[in-house]
Structures are given as structure tokens and as C-alpha cells.
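Note that this note's numbering gives residue 241 to position 163 of the sequence shown, counting from 1, and the numbers run on in steps of one.
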Amino acid sequence: MEKDYAQYLLKKTIQDYNLIADEFSSKRQEPWPELEFLFDDYLVSGEKVLDLGCGNGRFFELCQDKKADYTGVDPSEKLIAIAKKKYPDGNFLAADALRLPFADNYFDKIYSIAVLHHIPSKELRLQFLKEAKRVLKQQGLFIFTAWKFSQSKMRLLLLKFTILKLFRLSKLDFGDVLDPWGKTGVKRFYHWYSEKELITLAREAGFE
């Protein structure tokens, strides 16, 4: 993917989430139950925790229950405003995930739930992961998730954009899609990862 187009998509994603912030937040009120074990089993009381791409802050309460020192970061100012209003005890900050305003080796744990698939181009994904590694302590743990396109709608969307790419009718990379959000006209960027691709990316970024 061309660098300029990747930067455009990155800015577009932030703008899109600002546009749909209220509706998006209303549909993301609670943590996904199947992910709660990631906090219950791995989080230790008193640890410094970064929620990278925190959205409306819905994972804050899981960290609060474990008495962790929580910081939530998201590039969407509107989602951060919602998080601050919803969880006044939380520490939330609107910031660029590619240039985090924290010192090296600062956090014990970093969680990034359903964020990586919104980042266009391998170059920017590596920058995202390397920046997370920079602010993570040497013996720290980075836990992230990405969408698996199991729904038939997403598979059809992936097929559509694959065909467009094959015929050179799209600037997107293979595995990229633009998914419409309701009737808003907003089309959110996603990248579909194979398990092998995720492992390779993490290793290239320096994770073990």
C-alpha cells in the first residue's frame, strides 16, 4: 500500500469513529464476556496497565476490579470524552497510538482489544506494535486481539475487495476491506489476518 494512502486511511478511521462515537458506544456498553478471562487471569493488583485503543472505556471496570493502575488511550477525542463521562475515576487520554506520550518500559501490561485490524499497511502495523513494545516493561505482557472474519457478510466483503484488488481497481492491500457502519455512510477500514501473519508481525516488532 502506498504510504500516502495508508496515512489517509489512518486519519479516516479516526474521523469515522468520531462521527459514529455515540452510536458505537451505545452498542459497546459491556466487555465481551469471552474476553474477561484475559483480565481476570493475567492482571495483578497494583500493576500499571495501558488499554491501547480503549474506545469508550468499557474494559476499565475489569481493571478497577483488580485494583490496577489503569490508563486508557484512544485517538478518537469523542470516544475519550464518552469514556471520561462514563468512568470519572478512570485515567483517559486522547493520543496517537503510533507516538505514545509515555516513557520507555512504563507499563506492566498492555491490552489492545480489537484495534490492530483497523491499522492500514504492514509498515504502520509494525510501528504500532513497536511503540507498544517501547512503553512495555521488559518482562511485561502485551495482549491483543484482532477480528476473525467468521461471519458470512465479512467473508463476502473480503471476497469483493480481493476481486477488486486482482483487477487493480482498489488501492487497498489483499486482506483489506471497507465495511459500512449502518446507514451512516461511514465505511470502516479492516484488515483480515491469518494466524501466521499475526505471529510474524509480533516477532518482527520484537515480541517473543
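C-beta: ideal position from N, C-alpha, C; glycine also.
Spatial distance of residue i from residue j (CA atoms)
i, j, result
"Ala173", "Glu114", "25 Å"
"Lys156", "Ser104", "13 Å"
"Asp186", "Leu121", "9 Å"
"Leu194", "Leu178", "15 Å"
"Pro166", "Leu244", "49 Å"
"Ile241", "Met79", "16 Å"
"Tyr271", "Pro258", "19 Å"
"Ala283", "Lys208", "5 Å"
"Leu250", "Lys145", "42 Å"
"Phe267", "Tyr86", "11 Å"
"Thr262", "Ala175", "26 Å"
"Gln217", "Asp82", "36 Å"
"Arg63", "Phe102", "Residue coverage of the chain in this structure runs from 79 to 286, which leaves residue 63 outside it and unanswerable."
"Gly253", "Ile191", "19 Å"
"Glu275", "Gly260", "30 Å"
"Val264", "Leu235", "15 Å"
"His196", "Ala181", "25 Å"
"Lys238", "Glu273", "22 Å"
Start-to-end residues for the alpha helix (DSSP H) that takes in residue i
i, result
"Val213", "Lys200 to Val213"
"Lys230", "As written in the sequence, residue 230 is Ser, which differs from the Lys given in the question. From DSSP, the alpha helix (DSSP H) with Ser230 extends over Ser230 to Leu244."
"Ala84", "Lys81 to Leu97"
"Lys274", "Glu273 to Glu282"
Cβ distance (whole Å) where residue i is taken to contact residue j below 8 Å
i, j, result
"Ala149", "Asp129", "Correcting the residue type first, residue 149 is Thr in the shown sequence and not Ala. Yes, they are in contact, since the Cβ atoms of Thr149 and Asp129 sit about 7 Å apart, within 8 Å."
"Leu88", "Leu202", "6 Å"
"Ser199", "Ala84", "4 Å"
"Val213", "Tyr189", "Going by Cβ atoms, the distance from Val213 to Tyr189 rounds to 13 Å, so no, they are not a contact pair."
"Lys335", "Phe285", "Residue 335 lies beyond the range of the chain shown here (79 to 286); nothing can be said about it."
"Ser154", "Ala224", "About 19 Å; that fails the 8 Å criterion."
Close beta carbons around residue i, own chain, < 6 Å, minus the five adjacent residues each side
i, result
"Ile158", "Asp152, Phe170 and Ala172"
"Phe137", "Pro109 and Asp129"
"Val127", "Cys141, Ala146, Tyr148 and Lys187"
"Ile221", "Leu116 and Tyr189"
Sequence-distant residues of its chain with Cβ nearer than 7 Å to residue i (five each side left out)
i, result
"Gly135", "Gly150, Ala161, Lys164, Tyr165, Gly168 and Phe170"
"Glu125", "Ala146, Asp147, Asp186 and Lys187"
"Leu204", "Leu279, Glu282 and Ala283"
"Tyr95", "Phe102, Ser154 and Leu157"
Residues of its chain near residue i, where Cβ-Cβ distance is below 8 Å and the 5 sequence neighbours each way are ignored
i, result
"Gln294", "Only positions 79 to 286 of the chain appear in this structure, which leaves residue 294 out of reach."
"Arg106", "Gly133, Asn134 and Arg136"
Neighbour flag for residue i against chain B, beta carbons, 7 Å
i, result
"Asn183", "Note that chain B does not occur in the displayed structure, where there is just one protein chain."
Residue interval of the beta strand (DSSP E) (run including residue i)
i, result
"Lys265", "Lys265 to His269"
"Asp257", "Asp254 to Pro258"
"Tyr184", "Tyr184 -> no beta strand (DSSP E), and no H or E assigned at all."
Segments assigned beta strand (DSSP E), at least 3 residues, entirely inside the segment 107 to 174: 126 to 130, 147 to 152 and 170 to 172
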